[in-house]
Amino acid sequence: MNMSATAPLSDAMRSFIEGLPKTELHLHIEGTLEPELLFALAQRNNIELPYDTVESLRAAYAFTDLQSFLDLYYAGANVLRTEQDFYDMTAAYIAQARADQVRHAEIFFDPQTHTERGIPMATVFAGIARALRQARDEHGFSSVMIMSFLRHMSEAEAFITLEQALPLREQYADLWSAIGLDSSERGNPPEKFQRVFARCRELGFRVVAHAGEEGPAAYVSDALDLLQVERIDHGVRSEEDPALIERLIKLRMPLTVCPLSNLKLCVVDDMRQHNLARLLRAGVAVTVNSDDPAYFGGYMNANYLAVASALALSREELVQLARNGIAASFISTAEKERLSIELEQYARSH
Ligand SMILES: [Zn+2]
């Protein structure tokens, strides 16, 4: 990462970004497992790790592409065994998000990563939900749970996961309202999950999918046409198809962009080449998010600061990114209104 030629942010700009009220729409809870917590959970559960120290584990976070990250990510998730483990991980994320002035988060979780290892579906739901409800009750921090299918697995396995989760739907109706699609994109096109997504929509779930991160722009079009998603996660490669960009603008289709993730996984070589600013200025409904922050070097503020600096974003553009996040979220109109008022007041008074 060469940021040397990037103009440093002024103190005033930095504090403006740090205080900006934000929503986070693309966050994998398993990707928030910091090495320190990972070690603590391994110890608690008597799991042997192939790393001696927190430092040696952190040093392994040098990825060459999406797959090299996923290999380590799934190995890390192996320390999650009990309801308390899922709670501790989620509570740690919320503390960090609140420090970054995140008001609302929509959180992916991958039950298949856990049920494959014999962890009951109910354990996963219970731990995550307990932390989210506590944050809502104690701090007014709102959230949505997005159950995500792993696209390197089969559609039949996604159907089984859905069946396993449905009995929990009523118990978690205040949180779980959406379905996502993540993991290895290349070779796993949207059409592979067309039927299970149709079923999820029929059941009344909101649906989103990762597309156009490493996969081609055609995967973004297919996610819209075949999966009928309401948001595209990443979508940065949409730019390779000008007609698709026109369509995204017309639809006001949100893209949940994750700048530090794109840099760390070599989707872009240099933050100054990131297309977030171009897409924003063209009128695409782009948002800023942290994806797997423990692995990619930063939470929400770090992502905003990185793009503001590398792409010379103006205050108004930063506010527009935050506005896009509110508009693209799955909260009620009344909640959107409340967050918008707070954001506009902040923008006017800083
Ligand atoms: Zn993601």
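First residue of the sequence shown? That's 84 in the numbering used here, and the numbers climb one at a time after it. We put the CB at the ideal spot given by N, CA and C, even for glycine.
DSSP state of residue i mapped onto helix, strand, coil
i      : result
Met236 : coil
Met230 : strand
Val291 : strand
Gly263 : strand
Phe276 : helix
Ser225 : strand
Glu313 : coil
His197 : helix
Asp154 : helix
Arg282 : helix
Phe413 : coil
Glu322 : helix
Gln103 : For clarity, residue 103 is Leu in the given sequence; the question names Gln instead. Reduced to three states, the DSSP call for Leu103 is coil.
Ala430 : helix
Leu110 : strand
Leu307 : helix
Arg186 : strand
Leu132 : coil
Val162 : coil
Thr147 : coil
Leu422 : helix
Leu338 : strand
Asp352 : coil
Asp94  : helix
Asp220 : helix
Asp168 : helix
Val402 : helix
Val367 : coil
Cβ-Cβ distance between residue i and residue j below 9 Å
i      : j      : result
Arg438 : Leu163 : With the chain represented from 84 up to 433, any question about residue 438 goes unanswered, as that position is not in the structure.
Asn345 : Val369 : no
Asn386 : Val402 : no
Val312 : Ala301 : no
Ser226 : Ala218 : yes
Gln277 : Glu238 : yes
Ser373 : Glu107 : yes
Ile190 : Phe224 : no
Leu116 : Leu124 : yes
Asp168 : Gly210 : yes
Tyr378 : Tyr156 : yes
Lys105 : Ala405 : yes
Cα-Cα separation, residue i to residue j
i      : j      : result
Glu420 : Asp305 : 32 Å
Ser87  : His357 : Its pLDDT being 45, under 50, Ser87 is placed unreliably by the model, and the measurement read from it follows with that caveat. Ser87 and His357: Cα-Cα distance of roughly 16 Å.
Arg252 : Phe280 : 17 Å
Asp193 : Gly366 : 32 Å
Ile243 : Ala393 : 44 Å
Glu246 : Asp265 : 19 Å
Phe152 : Ile112 : 15 Å
Ser321 : Gly287 : 28 Å
Met84  : Gly380 : Below a pLDDT of 50, predicted positions are generally treated as unreliable, and Met84, at 45, falls in that range; the measurement from the model is reported next regardless. The alpha-carbon atoms of Met84 and Gly380 are separated by roughly 11 Å.
Thr196 : Asn128 : 17 Å
Leu103 : Glu427 : 10 Å
Asp375 : Ala326 : 30 Å
Ser469 : Pro299 : What is shown of the chain runs 84 to 433, which leaves residue 469 out entirely.
Leu149 : Gln254 : 34 Å
Asp94  : Ala256 : 43 Å
Ala391 : Leu249 : 41 Å
Ala188 : Asp316 : 14 Å
Phe146 : Thr206 : 30 Å
Ser412 : Arg314 : 9 Å
Val340 : His433 : 25 Å
Gln179 : Leu343 : 16 Å
Ala430 : Gln126 : 45 Å
Leu121 : Asp353 : 29 Å
Cβ separation of residue i and residue j, assumed to be a contact under 8 Å, to the nearest whole Å
i      : j      : result
Leu388 : Ile409 : Between Ile409 and Leu388 the Cβ distance is about 20 Å, and since that is not below 8 Å, they are no contact.
Val290 : Ile262 : 5 Å
Glu268 : Glu221 : That belief does not hold up - the Cβ atoms of Glu268 and Glu221 are roughly 37 Å apart, past 8 Å.
Thr445 : Ala214 : Given that the chain is displayed from residue 84 to residue 433, the structure contains no residue 445 and the question cannot be resolved.
Asp407 : Pro337 : Looking at the sequence itself, residue 407 is Asn, so the reference to Asp does not match. About 7 Å; that satisfies the 8 Å criterion.
Glu274 : Leu309 : 5 Å
Any non-hydrogen atom of ligand 3 within 8 Å of residue i CB
i      : result
Cys283 : This structure lacks ligand 3; the ligands present are ligand 1.
Chain C contact for residue i (CB, 9 Å cutoff)
i      : result
Glu113 : Reference to chain C is not applicable here, since this structure consists of a single protein chain.
Practice task
Report yes or no: do the region 94-102 and the region 358-366 share at least 3 C-beta pairs separated by less than 8 Å?
Solution key: no
Problem - Contact the region 170-183 vs the region 128-143: 3+ CB pairs below 8 Å - result: no
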